[in-house]
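Asker:
Residue numbers (our numbering): 40 to 574.
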């Protein structure tokens with residue numbers, strides 16, 4: 040059975056330096072050479088044909104020298120190993136290694152694709168059994184003390200569970216003998232030779248990587264978005280303050296659509312030069328050219344930007360007669376940081392009216408049903424848009440909420456921390472369920488840079504890990520006297536209070552407050568204490 044290899048760039052994006060991937064396949068000429076040239080030392084990949092090269096003793100030994108084995112079972116002999124299969128296995132291995140505190144740089148992981156009907160007793164395949172028996176005894180001490188014999192038909196989950204139990208027993212024994220403290224948020228972290236790379240932790244800044252295990256779904260938001268984006272002419276509006284996960288969600292919506300065979304394009308309006316935001320015609324040309332580039336199509340602005348028609352009509356024709364006609368599948372268009380356009384009311388009024396028009400045409404016209412929009416913004420929309428010309432009152436509205444208790448608890452486990460319910464309660468009392476604030480705290484604790492007890496003391500100060508985040512908010516408030524006055528009122532009282540509607544919504548857009556009915560209170564204790572000290 041021959042399994043084609045995925046493109047080099049996609050493997051590079053999926054794999055980490057500690058992964059050794061053993062893929063069955065018939066690689067094209069020069070594939071491995073290209074892989075080594077493009078990827079370098081990031082990945083050690085061996086392409087194998089399961090029914091031929093797997094019979095070679097050398098390859099069998101390579102597999103059984105690996106510390107972990109992940110098996111992708113394939114239902115039919117003609118099934119192909121997909122990138123989704125590989126990504127799921129890599130994510131599973133990352134999670135297991137994180138939980139087991141394995142030193143990744145000293146570990147090897149084999150991920151292979153195996154037909155369910157593969158029989159190791161058949162001629163030639165028995166070498167695998169022989170290799171297994173040969174390696175088993177030597178591996179008992181290498182892999183978490185002891186290990187059950189690896190069997191391709193064995194449930195790999197049971198292997199990991201066994202390894203976890205053995206690892207935990209060994210750790211407890213070490214603590215009893217050496218008097219080492221358990222890794223608790225208020226205690227000194229276990230000494231892993233002070234190597235920060237021994238834990239698979241993503242830096243908590245910016246978008247959460249597409250395949251990162253540290254992305255926490257906020258059910259039912261993701262499923263609703265995935266379902267909606269399949270609808271002809273769909274429009275999804277994602278609104279939330281900065282660092283709440285808007286871009287991370289958008290990237291997953293686009294990725295889901297791509298997995299369904301759709302085309303995708305993403306445009307961040309922060310990438311627009313200021314010159315393009317001063318003139319509607321220039322702006323729409325930039326918009327069309329950017330989407331064309333995202334779709335890897337030839338730019339044809341000169342062909343469609345002719346005549347006396349207005350800029351909006353020309354832009355519409357470019358999409359309808361060229362972009363949407365050139366592709367055979369729906370196009371999911373992600374528009375990130377559209378707040379940048381709000382600062383230019385004349386352009387914003389025309390551009391957002393254009394998006395609304397396209398959405399409405401998708402209800403009746405087949406070509407416009409191919410366009411699916413995901414609009415992402417932080418601020419409330421205060422520009423004067425006609426209610427019938429605004430895209431912000433149609434489609435599926437998504438307002439990202441804070442993480443709840445269970446979701447924070449899940450993040451704690453992913454960071455390999457053992458925090459009690461009371462400790463999680465203390466952490467959330469300080470930072471709420473704000474995704475960035477929670478992840479920053481857990482990241483710092485997991486790295487051994489601070490304890491939970493110390494973090495709670497210094498969090499609202501310039502000494503704490505949130506100093507840059509807090510200072511940015513302070514600078515924004517000082518530039519707006521009305522908001523500064525409003526936040527002073529809110530933080531001086533221990534219960535929700537009424538303030539001006541405009542100020543309340545702007546402060547919520549900044550992520551500093553939350554509503555209880557029509558009343559307003561600080562989002563979390565961190566903001567109350569910091570601004571009490573500084574204002």
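C-beta: ideal position from N, C-alpha, C; glycine also.
Please read all numbers here as calculations on a predicted model, not as lab measurements.
Within 10 angstroms of its Cβ, does residue 578 collect 16 or more other Cβ (buried), or is it exposed?
Answerer: Residue numbering for the chain in the displayed model covers 40 to 574; residue 578 lies beyond these limits and cannot be assessed.
Asker: Report the three-state DSSP secondary structure of residue 296 (helix, strand or coil).
Answerer: DSSP places residue 296 in helix when its eight states are reduced to three.
Asker: Report the CB separation of residue 499 from residue 569 in whole angstroms; it is logged as a contact under 8 angstroms.
Answerer: 4 angstroms
Asker: Out of 382, 425, 384, 415, which has the shortest C-alpha to C-alpha gap to residue 396?
Answerer: 425
Asker: Kindly identify the DSSP beta-bridge partner or partners of residue 512.
Answerer: Answer is none; residue 512 lacks a bridge partner.
Asker: Go ahead and pull the three-state DSSP assignment for residue 469.
Answerer: Correct three-state label for residue 469: helix.
Asker: If I measure Cβ to Cβ from residue 300 and keep anything under 8 angstroms in the same chain, skipping five residues before and after, which residues do I get?
Answerer: 368
Asker: Expressed to the nearest angstrom, what Euclidean distance is found between the alpha-carbon atoms of residue 295 and residue 288?
Answerer: Each residue's alpha carbon lies about 11 angstroms from the other.
Asker: Tell me the rounded alpha-carbon separation between residue 223 and residue 414.
Answerer: Caution is warranted here: a pLDDT of 35 is assigned to residue 223, below 50, making its placement in the model unreliable, and the coordinate value is therefore given only provisionally. Straight-line Cα distance between these residues: approximately 41 angstroms.
Asker: Locate the beta strand (DSSP E) running through residue 398, then write down its first and last residues.
Answerer: Segment 384–400 is the alpha helix (DSSP H) holding residue 398; no beta strand (DSSP E) there.
Asker: How many Å lie between residue 439 and residue 347 at the Cα?
Answerer: 43 angstroms
Asker: Ordered along the chain, which non-local residues of its own chain (more than five positions away) have a Cβ less than 6 angstroms from that of residue 181?
Answerer: The predicted model places residue 181 with a pLDDT of 39, which falls under 50 and marks its position as unreliable; any figure quoted below should be read in that light. Counting only Cβ-Cβ distances below 6 angstroms, and skipping sequence neighbours, we find nothing.
Asker: Do residue 491 and residue 484 have their C-beta atoms within less than 7 angstroms of each other?
Answerer: yes
Asker: Taking the alpha-carbon positions, what's the residue 53 to residue 246 distance?
Answerer: Because the pLDDT of residue 53 is 45, which lies under 50, any placement of that residue in the model is unreliable, and the question is left without a value.
Asker: Alpha carbons only, please: which of 249, 275, 258 is nearest the one belonging to residue 445?
Answerer: 258
Asker: Return the residue from the list 571, 557, 506, 552 that minimises the CA-CA distance to residue 563.
Answerer: 552
Asker: Consult DSSP for residue 307 and reduce its assignment to one of helix, strand or coil.
Answerer: strand
Asker: Between residue 378 and the rest of its own chain, which residues show a CB-CB distance below 7 angstroms, the 5 nearest in sequence each way excluded?
Answerer: 416, 417, 418
Asker: With distances taken between CB atoms, is the gap from residue 372 to residue 409 smaller than 7 angstroms?
Answerer: no
Asker: Answer with buried or exposed for residue 380, where buried requires no fewer than 16 other C-beta atoms within 10 angstroms of its C-beta.
Answerer: buried
Asker: Within its chain, find whatever has a CB closer than 7 angstroms to the CB of residue 468; leave out the 5 residues flanking it on each side and keep chain order.
Answerer: For residue 468, where only same-chain residues beyond five positions count, the Cβ hits under 7 angstroms are 564.
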